[in-house]
Amino acid sequence: MKRSLSWFNITAIVLGFAFLYIPILLLVIYSFNDSRLVTVWGGFSTRWYASLLQNEQLLDAAWVSLRIAFFASLVATVLGTLAALALVRYGRFRGRLLFSGMIYAPLVMPEVITGLSLLLLFVAINFDRGFYTVLLAHITFSMCFVAVVVQSRLVSFDQTLEEAAQDLGCPPAKTFFLITLPLILPAVLAGFMLAFTLSMDDLVIASFTTGPGATTLPMRIYSQVRLGVTPEINAVSTILISIVTVVVLAASIITKRANSAREAEERLAVHG
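This is the structure:
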């Protein structure tokens, strides 16, 4: 029996979405404000986007954040997928409890503790802090999120497809790239997007592990916000929102097309 939404449920949903998205909408609107006062509307203008192109500090920080987020999410996706495969496919191997504990620890560990421990590690091994220390830190804490997402997909994966391919003479490595990976690709892409978003958003861990020449965009924005919000911050935030939105839409379209192609192939195999 299909139940219709009550007025209470509709109101709760509307208020929830309004609480989440109205502040973002206001930020986007005021990024086109002609006034230097961010809370006073002075007319429509794109002057702050032009001014942003002259703000080398924000541009450099944005470029650093994008590079770290891309490479960190790429490596974290590979390692997280391999970790999920080990946890799902290899059963109870020796050291599984320790391995799973190390994978899931960043999920429950406070960011301050994670950042401080990584800082002490880099100091102990005399590793100069900078771009690569922030990159390693982001790989460390984002890999566990990828592992959780991919593991949830592998748990419900039909392994008879892999067995059928191997019975027909397909090697294990080729089976993974031709059968397993295309089927779990939506989860892998979701893990990549989650890792990318977490890396772009991180402030606490980056603050502990950063060094000269590795100031990320959240750190730069936080340091400027303490002196007052400027229109350039609204502009750069709007650009980041646009980039994330485009990437998410592109990933959704690619995933949908991949699922449609897979379903078409399955129907063709059944009726063929």
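Start counting at 1 in the sequence shown, then tack on 25, and there's your number in our numbering. From the three backbone atoms N, C-alpha and C, an ideal C-beta is built for every residue, glycine too.
Going by DSSP, residue 226 is part of the alpha helix (DSSP H) stretching over 206–226.
When secondary structure is reduced to three states using DSSP, residue 58 falls in the strand class. In this structure the stretch 160–177 lies against the stretch 89–107, because at least three pairs of beta carbons, one per stretch, are closer than 8 Å. Here residue 242 really is in contact with residue 86; their C-beta atoms are around 4 Å apart, less than 8 Å.
In this structure residue 77 is in contact with residue 83, their Cβ atoms being roughly 6 Å apart against a cut-off of 8 Å. In this structure, the alpha-carbon of residue 190 lies about 9 Å from that of residue 203. If you check the CB distance, residue 225 and residue 276 do not come in under 7 Å.
The C-alpha of residue 95 is placed about 13 Å away from the C-alpha of residue 216. Cα atoms of residue 186 and residue 200: separation of roughly 9 Å, rounded to the nearest angstrom. Nearest neighbour of residue 59 by Cα position, chosen from 72, 229, 115 and 36, turns out to be 72.
The alpha-carbon separation between residue 247 and residue 35 amounts to approximately 36 Å. Counting of Cβ neighbours within 10 angstroms places residue 209 among the buried residues, the total reaching 16 or more.
Annotated three-state conformation of residue 44 is helix, per DSSP. The Cβ-Cβ distance between residue 160 and residue 93 falls below 7 Å. The C-beta separation of residue 89 from residue 239 comes to about 6 Å, placing the pair in contact by the 8 Å criterion. Assigned with DSSP and collapsed to three states, residue 201 falls in helix.
With distances taken between CA atoms, residue 235 lies nearest to 163 out of 32, 138 and 163.
Measuring C-alpha to C-alpha distances from residue 97 to each of 213, 155 and 168 identifies 168 as the nearest. Going by C-alpha positions, residue 62 is about 10 Å away from residue 55. Secondary structure at residue 33: helix, using DSSP grouped into helix, strand and coil.
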